[in-house]
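**Student:** Residue numbers (my numbering): 2 to 296.
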Ligand code: NAP
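1) Quickly, what does DSSP pair residue 179 with across the bridge? List them, please.
2) In chain order, which alpha helix (DSSP H) runs of at least 4 residues are fully inside the region 171-245?
3) Whose C-beta lies closer than 6 angstroms to the C-beta of residue 205 among residues of the same chain, with five residues either side of it excluded?
4) Would you say the beta carbon of residue 209 is closer than 7 angstroms to some non-hydrogen atom of the ligand NAP?
5) In angstroms, rounded to a whole number, what distance separates the CA positions of residue 142 and residue 4?
6) Can you tell me whether residue 147 is helix, strand or coil according to DSSP?
7) In whole angstroms, what is the alpha-carbon distance linking residue 127 and residue 89?
8) So within the region 79-117, which uninterrupted alpha helix (DSSP H) runs reach at least 4 residues, ignoring any that extend past its ends?
9) Pull up the DSSP beta-bridge partners for residue 261, would you.
10) Taking the beta strand (DSSP E) that residue 14 falls in, what are its first and last residues?
11) For a test of your reading of the model: does the CB of residue 162 fall under 7 angstroms from any non-hydrogen atom of the ligand NAP? Yes or no.
12) By the 10 Å Cβ neighbour count, where 16 or more other Cβ atoms means buried, how is residue 60 classified, buried or exposed?
13) For the alpha helix (DSSP H) holding residue 76, just list the boundary residues, first then last.
14) Whole angstroms are fine: how far does the CA of residue 144 sit from the CA of residue 52?
15) Decide yes or no for the touch test of the region 29-41 against the region 69-89: beta carbon pairs closer than 8 angstroms, at least 3 of them.
16) Please find out if some non-hydrogen atom of the ligand NAP comes closer than 7 angstroms to the beta-carbon of residue 109.
17) Within a Cβ cutoff of 6 angstroms, which residues of the same chain sit near residue 190, ignoring the five residues on either side of it in sequence?
18) Would you list the one or two residues that DSSP bridges to residue 302?
19) Would you grab the beta carbon distance between residue 11 and residue 55 for me? Rounded to a whole angstrom, and I think it's under 8 angstroms.
20) By how many angstroms is the C-alpha of residue 170 removed from the C-alpha of residue 20?
21) Express the C-alpha separation of residue 217 and residue 283 in angstroms, rounding to a whole number.
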C-alpha cells in the first residue's frame with residue numbers, strides 16, 4: 002500500500018462508470034515498484050461534467066490521466082493539442098500536461114503492437130482480418146497500417162456501420178487501404194490471412210461460452226495464422242481455446258492492456274523503462290488470484 006504525503010503526485014482515470022477500470026490496480030502496482038510518491042485514482046465523471054472535470058484536474062495539479070468510456074471522443078475538443086495518432090484512431094485514452102493545458106494521445110496502438118512485435122518484426126505481408134468495426138477496431142487498423150500492411154480487411158454484421166467505418170478513414174492519411182466485408186466473406190478471407198484479430202466483445206466474461214467464429218470457420222484459416230483476441234477475460238476465450246485445439250498460435254488481450262498502461266505511465270513519468278512485468282502480474286493475479294493452500 003502506497004503511503005501518501007503532502008507531496009504525493011496525482012494520476013488517474015476519468016470514465017462513467019469507472020469502478021470497473023483495472024488501471025488503478027496496475028498503475029499503482031507500478032508506482033509502488035518504482036518507489037514513487039505518486040498515486041493513481043479513479044475519477045467518475047458524468048458526461049455533462051466532462052469539461053469542468055478536465056479543467057478541474059489541471060487546477061488540482063494532476064500530472065496526467067487516462068480516459069475511458071464514454072469520454073474517449075468527447076474529450077478531444079477540450080484539449081489544447083491532440084496527437085496525429087489519436088486523431089487517426091479518433092479517440093484519446095491518455096492525457097498529459099502541455100504548458101498550462103492538456104495534450105491527448107492514444108496508447109492502445111502501442112499496446113496492441115507490443116506482443117505482435119515480440120513474436121516477429123515483419124507483419125507487412127500478413128493480410129490481416131479484423132472481426133468487428135467498433136472503437137478497438139480503429140486502433141487496430143492504425144496499428145496494422147504502422148506495420149506496413151497495404152490492405153486491412155474489417156468484417157462486421159451491420160452493413161451501414163461497415164460503410165461508415167470505411168468512410169471514417171477518409172482524409173486521415175492512413176497508409177493502408179481498409180476494405181469492409183460482411184461475415185459471409187470469411188471463407189474467402191481466412192485462408193489468405195496470417196493474422197486474425199477479434200475486436201468484438203463476443204466471448205467476454207460473463208458470457209464466456211460463445212465465440213465470434215464457428216469451429217468450421219476457424220478451420221478455413223491458413224496454417225500458422227496467429228489468432229489474436231483483444232478480450233482479456235476469460236483467459237483463454239473460447240475462440241482462443243478452439244484455435245489452440247486446431248494448432249494455431251494465439252494471443253489474448255491482457256498484454257495489450259498492460260502495454261497501453263505502461264506506455265501511458267512512461268509518458269507521464271517521462272521514462273523509457275517502466276515495470277511492465279509488475280503491471281502484467283497485477284492484472285494476472287486479479288483475473289486468476291493465487292489460491293491459499295488449505296489446512
Ligand atoms: P465497440 O466499440 O462497442 O465495438 C464492438 C464491435 O463488435 C462492433 O463492431 C460490434 O458490431 C461488434 N459486435 C458486438 N457484438 C457482436 C456480435 N454478437 N456479433 C458480431 N459482432 C458483434 O467496443 P470496443 O471498444 O471496440 O471493444 C471491443 C472489445 O475489445 C471488448 O471486448 C473490449 O474489452 C476489447 N478491448 C480490449 C482492449 C485491451 O487492451 N485488451 C482494448 C480495447 C478493447 P455492431 O456495431 O454491429 O454491434
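We put the beta carbon where it would ideally sit given N, CA and C, even for glycine.
All values derive from a computational prediction rather than experimental measurement.
**Tutor:** Once the coordinates are examined:
1) 153
2) 187-190 and 216-219
3) 232
4) no
5) 41 angstroms
6) helix
7) 22 angstroms
8) 85-90
9) Looking at the DSSP output, residue 261 bridges to nothing.
10) 10-16
11) yes
12) Classification for residue 60: exposed.
13) In the DSSP assignment, residue 76 falls outside any alpha helix (DSSP H) and carries neither an H nor an E.
14) Approximately 29 angstroms between the Cα atoms of the pair.
15) no
16) yes
17) 130 and 154
18) An answer regarding residue 302 cannot be provided, because it is not within the stretch 2 to 296 covered by the chain.
19) Not quite, the Cβ-Cβ distance comes to about 14 angstroms (not below 8 angstroms), so this is no contact.
20) Distance between the alpha carbons of residue 20 and residue 170 is about 33 angstroms.
21) 36 angstroms
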